[in-house]
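Working notes for the structure below.
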Amino acid sequence: MDSRVTITQRIDAVTLVTTDRFTDAPPAPRSVKIELTGRCNYRCGFCALRTRAVQPKGDMDPALFRKITRQMRNAGVEEIGVFYLGESLMAPQLTVDAIRWCKEIGFPYVFLTTNGSLCSPAVAEGLFKAGLDSLKFSVNAGTDEQFEEVMGVRSKLYRNALGNLKTTRLLRDALRPECGLYASSIRYDGAQQERMERLLAERVLPYVDEHYWLPLYSMGSLATQREAELGYRPTAGNQGRLGALRDPLPCWSAFTEGHVTADGILSACCFDADSRWGMGDLNKQSFMAAWHSEKFRELRRAHLAKDVAGTVCEACVAYA
133 MDSRVTITQR
143 IDAVTLVTTD
153 RFTDAPPAPR
163 SVKIELTGRC
173 NYRCGFCALR
183 TRAVQPKGDM
193 DPALFRKITR
203 QMRNAGVEEI
213 GVFYLGESLM
223 APQLTVDAIR
233 WCKEIGFPYV
243 FLTTNGSLCS
253 PAVAEGLFKA
263 GLDSLKFSVN
273 AGTDEQFEEV
283 MGVRSKLYRN
293 ALGNLKTTRL
303 LRDALRPECG
313 LYASSIRYDG
323 AQQERMERLL
333 AERVLPYVDE
343 HYWLPLYSMG
353 SLATQREAEL
363 GYRPTAGNQG
373 RLGALRDPLP
383 CWSAFTEGHV
393 TADGILSACC
403 FDADSRWGMG
413 DLNKQSFMAA
423 WHSEKFRELR
433 RAHLAKDVAG
443 TVCEACVAYA
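Everything in the sequence shown is counted per the working numbering, starting at 133 for the first residue and increasing by one.
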């Protein structure tokens, strides 16, 4: 894929399990997301991070990042996301260094998703100068009140994020026009959705190349209690974006995209906040050894049979 491919085309290519991947030992994934830090300055009610008994304070070891990304590139991985569950811009220099390294060793496409509150002009400049190919802002509240209710933090961060998006567009155009600038939003119901659409029309759509909608993910059943408290009804598992939802079984996450936690665990799940879906330890084994580990292959066989009873995926609401 070249840089002119839209973000939704890239997402759809990753969430589609093609025939060559209907095996317990599929080829190296096209895309891998790596958690540079498990920290986050938001406390979103729907996020799996909230289930961690102790919120992480450390970041990924840069030496580990360099080692595993070189292994990934040698294996044929083409796209690196310098984020996973945490907010990468809690560690801005680490993020900039990670982007620069990935471009130096030949990754065609390096992408980042952020809540935007920490994407100051100075940070954005660093991202673009490092060679970032795609930057996406997650915008999931239509008003200050909704932001504070759902994200669990003061609305000042919300206003910071919207202001940063505007200045980021100016910097992108000046410093790295080939970098895509995008936004995504959770689709709510009724009046909440109307507020979201007004906010997007005024504060988001004028500054991005593309915007797309996401369902309210269940985060692998990890955040359902808080979702119930907020009155939201999540979709089953991660079925991709609205407009191109995928069947829950087999779950694309186990076949088409790698997910690595800040402490180096390769996970089978895109919402794995506590490593219960851990399939291998990249501190001790190579990326492809973990990608083809017997534990991972056994889980994939269950998905291919469309029977995950007795596996770690059994509790996911996608299969309830």
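All C-beta atoms in this analysis are idealised placements derived from N, C-alpha and C, irrespective of residue type, glycine included.
Given the structure is predicted, the values throughout are model-derived calculations rather than measurements.
Residue i vs residue j beta-carbon contact at 8 Å
{"i": "glutamate 205", "j": "phenylalanine 239", "result": "The displayed chain sequence assigns arginine, not glutamate, to residue 205. Against a cut-off of 8 Å, the Cβ pair of phenylalanine 239 and arginine 205 comes out as a contact."}
{"i": "isoleucine 166", "j": "isoleucine 212", "result": "yes"}
{"i": "phenylalanine 428", "j": "isoleucine 200", "result": "no"}
{"i": "valine 271", "j": "leucine 217", "result": "no"}
{"i": "alanine 160", "j": "alanine 207", "result": "yes"}
{"i": "isoleucine 231", "j": "leucine 264", "result": "yes"}
Pairwise C-alpha distance: residue j and residue i
{"i": "arginine 304", "j": "glycine 170", "result": "27 Å"}
{"i": "threonine 246", "j": "alanine 447", "result": "28 Å"}
{"i": "arginine 365", "j": "glutamine 325", "result": "Confidence at arginine 365 is low in this model, with a pLDDT of 47, below 50, so its placement is unreliable and no value can be given for it."}
{"i": "glutamate 389", "j": "arginine 432", "result": "13 Å"}
{"i": "alanine 441", "j": "tryptophan 384", "result": "18 Å"}
{"i": "glutamate 359", "j": "tryptophan 233", "result": "Residue confidence for glutamate 359 is low, a pLDDT of 47 falling below 50, so the modelled location carries little weight; the figure read from the coordinates is stated next. Distance between the alpha carbons of glutamate 359 and tryptophan 233: 38 Å."}
{"i": "aspartate 144", "j": "alanine 386", "result": "15 Å"}
{"i": "serine 353", "j": "phenylalanine 215", "result": "Note that serine 353 scores 38 on pLDDT, short of 50, meaning its location in the model is unreliable; the coordinates nonetheless yield the value given after this. Computed Cα separation, rounded: 21 Å."}
{"i": "serine 350", "j": "alanine 405", "result": "Residue placement at serine 350 is poorly supported in this model, since its pLDDT is 46, which falls under 50; the coordinates still yield a value, given next. Rounded to the nearest angstrom, the two C-alpha atoms are 13 Å apart."}
{"i": "valine 285", "j": "serine 316", "result": "20 Å"}
{"i": "proline 455", "j": "glycine 322", "result": "Residue 455 falls outside the range modelled here, since the chain spans only 133 to 452, and no answer is possible."}
{"i": "aspartate 395", "j": "lysine 189", "result": "11 Å"}
{"i": "cysteine 311", "j": "glutamine 417", "result": "33 Å"}
{"i": "alanine 355", "j": "arginine 408", "result": "With a pLDDT of 41 at alanine 355, under the threshold of 50, the modelled position of that residue is not reliable, and no figure is offered here."}
{"i": "glutamine 203", "j": "isoleucine 397", "result": "15 Å"}
{"i": "glycine 363", "j": "threonine 227", "result": "Unreliable placement is indicated for glycine 363, whose pLDDT of 46 sits below 50; no coordinate value is reported for it."}
{"i": "leucine 313", "j": "glycine 258", "result": "15 Å"}
{"i": "valine 340", "j": "leucine 302", "result": "11 Å"}
{"i": "threonine 151", "j": "alanine 376", "result": "18 Å"}
{"i": "valine 255", "j": "lysine 288", "result": "18 Å"}
{"i": "isoleucine 237", "j": "phenylalanine 279", "result": "39 Å"}
{"i": "histidine 435", "j": "serine 252", "result": "42 Å"}
{"i": "glutamate 430", "j": "tryptophan 423", "result": "12 Å"}
{"i": "lysine 268", "j": "arginine 142", "result": "13 Å"}
{"i": "glycine 80", "j": "glutamate 329", "result": "Residue coverage of the chain in this structure runs from 133 to 452, which leaves residue 80 outside it and unanswerable."}
{"i": "cysteine 172", "j": "valine 282", "result": "15 Å"}
{"i": "alanine 293", "j": "methionine 192", "result": "25 Å"}
Beta-bridge partners of residue i, as assigned by DSSP
{"i": "histidine 121", "result": "Because the chain is modelled from 133 through 452, residue 121 falls outside the range shown and cannot be assessed."}
{"i": "valine 228", "result": "Bridge partners of valine 228: none, in fact."}
{"i": "serine 266", "result": "Phe243 and Gly312"}
{"i": "aspartate 413", "result": "Ile397"}
{"i": "aspartate 191", "result": "Thr169"}
{"i": "glutamate 211", "result": "Ser163 and Tyr241"}
{"i": "tyrosine 344", "result": "Ser316"}
Any chance you could list the alpha helix (DSSP H) runs of at least 4 consecutive residues sitting entirely within the stretch 302 to 342, in chain order?
-> 322 to 335
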